[in-house]
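Let me begin by presenting the structure, written as structure tokens, before commenting on it.
There are 2 protein chains.
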Amino acid sequence: MEGYQKGRRGKTLEAPEVVVVRLPLYLRALSQLAEQGTQLVSSEELGRQLQITPAQIRKDLSSFGRFGKQGRGYDVGHLLGELRQVLGLTQEWSVALVGVGRLGRALLGYPGFRPEGFKIAAAFDVDPRQVGQVVGGIMVQPMHRLEEVLGTEGIRMAIVAVPASQAQQVIDQLAACNVRAIVNYASVAAHVPPHVKLRTIDPVLALQSMTYYLREDARP
Amino acid sequence: MEGYQKGRRGKTLEAPEVVVVRLPLYLRALSQLAEQGTQLVSSEELGRQLQITPAQIRKDLSSFGRFGKQGRGYDVGHLLGELRQVLGLTQEWSVALVGVGRLGRALLGYPGFRPEGFKIAAAFDVDPRQVGQVVGGIMVQPMHRLEEVLGTEGIRMAIVAVPASQAQQVIDQLAACNVRAIVNYASVAAHVPPHVKLRTIDPVLALQSMTYYLREDARP
DNA sequence: GTTTGTGAAGTATTTCACAGCC
DNA sequence: GGCTGTGAAATACTTCACAAAC
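Those sequence lines, one after another, are chains A and B. Here our numbering is used: position 201 in the first sequence is 201, and no number is missing along the way. Residues are numbered in our numbering as their position in the second sequence, beginning at 1, plus a constant of 220.
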């Protein structure tokens, strides 16, 4: 789990980033409810599942519209649609992957992207031994084809799974190719231009912040 | 990047969770500075590297002690030591891994844990074909040995890399074996007892929250 | 001259609590 | 009767700004 950038809301009055980060949680819970055939859900029930207060959920949703019905709750299917709209998830998004080592390959094989509307549409690596290989149905491209491929495929999101020492450079290249959103698995505090969104995923940071709570404690 | 639990600070007045989550960032930046031989660093310089305001850094650090020297800044080596102390990183932590699929294997091969004091000391899987295999120097154990192994190894942290459908069950088992901190890679809003810390890492949530900023924008 | 540590001020976020609607 | 939507209140977090330390 890690850092998302602070809520520098641009000119076009945007929702606070904390709120935007919660919307996908609502989406996921609603999908589950829809699957099991539930039609209506209250903010209280949703809150129970997500461990978020009902007031929080109502307030978050109310900043995008009035999606509920008093006395009844929210229509699951309807709210799903509205949230997808808000989040821009009505289209399929093509994503580039840079780095096809063990982690990159795991990501290429991960079945969780497609059903959510994300498709890894291109993969890149510097290692000439990787280039040309077909992994998960995708041919690994050399880095110098980045701009060309991203351009023709219209790709604006990327996942970076390269060693920490290479990450900043790769991120710079992606930003130069008009990529606007990056999930970074490398263990670095990367810098991006202001119009690029970055989320860094780092299990070591997650572990390190949790040990704080485990210091020398007798257990109950 | 994703959710950390809300700052329910327990009885023993703890630092706010937002602060605890930033400490590892400071640690990482300081390690780098130490490596390149830098002796002193100001909150301003540290802030530049991490994109955090100097005031924020000073305030965060001041809640644990007075580690700096006016007019000079912070001694890199000293601050490193203090932060390791605060975070409980003076010992090595053994971590259990549950799930040795593609992602689990990538984690077993990840060289980033050891230098930070985390050691994957045991691995488990339900799949009988995985059990008994040696991956990254560790023999995969069957799930029924969880309690025994965690007990004898004194393991209190775990990484969950199993399919979403299995995650809650696995997390319950871990909690029952006295695990107090879990990094969860499964795409679920898992529940844990209050004395267990959970960080969920989910690239889909990260992507979904970023598409919000990419909706229908013409590019520059 | 520089840079910390920190109250006080300023924002941001969450929760309360209830009018209004179903 | 139940549950949303929302101002107002309460908390939490961040930044300011400056006295004190070097």
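No residue lacks a Cβ here, since even glycine has one placed at the ideal position from N, Cα and C.
Contact check, A/Val95 vs A/Phe118 under 8 Å by CB: the rounded distance? At roughly 5 Å, the Cβ-Cβ gap stays under 8 Å, so A/Val95 and A/Phe118 are in contact.
Could you tell me if the beta carbon of A/Pro24 falls within a distance shorter than 7 Å of some heavy atom in the ligand FMN? This structure does not include the ligand FMN; it has no bound ligands of any sort.
Considering only C-alpha positions, which residue in the set A/Ala167, A/His78, A/Gln166 and A/Ser63 is nearest to A/Ser31? Residue A/His78 holds the alpha-carbon nearest to the alpha-carbon of A/Ser31 among A/Ala167, A/His78, A/Gln166 and A/Ser63.
DSSP-derived helix/strand/coil call for B/Gly301: Shown here, B/Gly301 sits in a helix according to DSSP, grouped into three states.
Minimum C-alpha distance to A/Arg48 - residue among B/Pro244, B/Leu394 and B/Ala409: Measuring C-alpha to C-alpha distances from A/Arg48 to each of B/Pro244, B/Leu394 and B/Ala409 identifies B/Ala409 as the nearest.
DSSP three-state assignment for B/Ile375, whether helix, strand or coil: Reduced to three states, the DSSP call for B/Ile375 is coil.
Go ahead and label A/Glu92 buried or exposed: buried means 16 or more other beta carbons lie within 10 angstroms of its beta carbon, across all protein chains shown. Taking all protein chains in view, the Cβ of A/Glu92 is surrounded by fewer than 16 other Cβ atoms within 10 Å, so the residue is classified as exposed.
Within this structure, are the beta carbons of A/Leu40 and A/Gly73 separated by less than 8 Å? Their beta carbons are under 8 Å apart, which means A/Leu40 touches A/Gly73 by this criterion.
Let me make sure I understand the geometry here. Which of A/Gln51, A/Gln36, A/Gln173 and A/Glu14 has the alpha-carbon closest to that of A/Tyr26? Cα-wise, what sits closest to A/Tyr26 is A/Gln51.
According to DSSP, is A/Gln130 helix, strand or coil? Reduced to three states, the DSSP call for A/Gln130 is coil.
Looking at B/Leu307 and B/Leu243, is the spacing between their C-beta atoms short of 8 Å? Yes.
Can you tell me the Cα-Cα spacing of B/Ile358 and B/Ala381, whole angstroms? Distance between the alpha carbons of B/Ile358 and B/Ala381 is about 16 Å.
B/Arg268 lies in the alpha helix (DSSP H); which residues open and close that run? Where B/Arg268 is concerned, the enclosing alpha helix (DSSP H) starts and stops at Ser263 to Leu270.
Rounded Cβ spacing between A/Thr38 and B/Leu309 (contact assumed at less than 8 Å): Contact doesn't hold; Cβ gap of about 44 Å is too wide.
Between the CA atoms of B/Ile391 and B/Cys397 - distance to the nearest angstrom: Using only the alpha carbons, I get a separation of about 10 Å.
C-beta neighbour in chain A for B/Arg349, strict 8 Å: No - not a single Cβ of chain A is within 8 Å of the one on B/Arg349.
Within 8 Å, strictly: CB atoms of B/Glu336 and A/Val204: Contact flag set, yes.
Which stretch, first to last residue, makes up the alpha helix (DSSP H) that contains B/Gly329? Here the alpha helix (DSSP H) through B/Gly329 covers Arg322 to Gly329.
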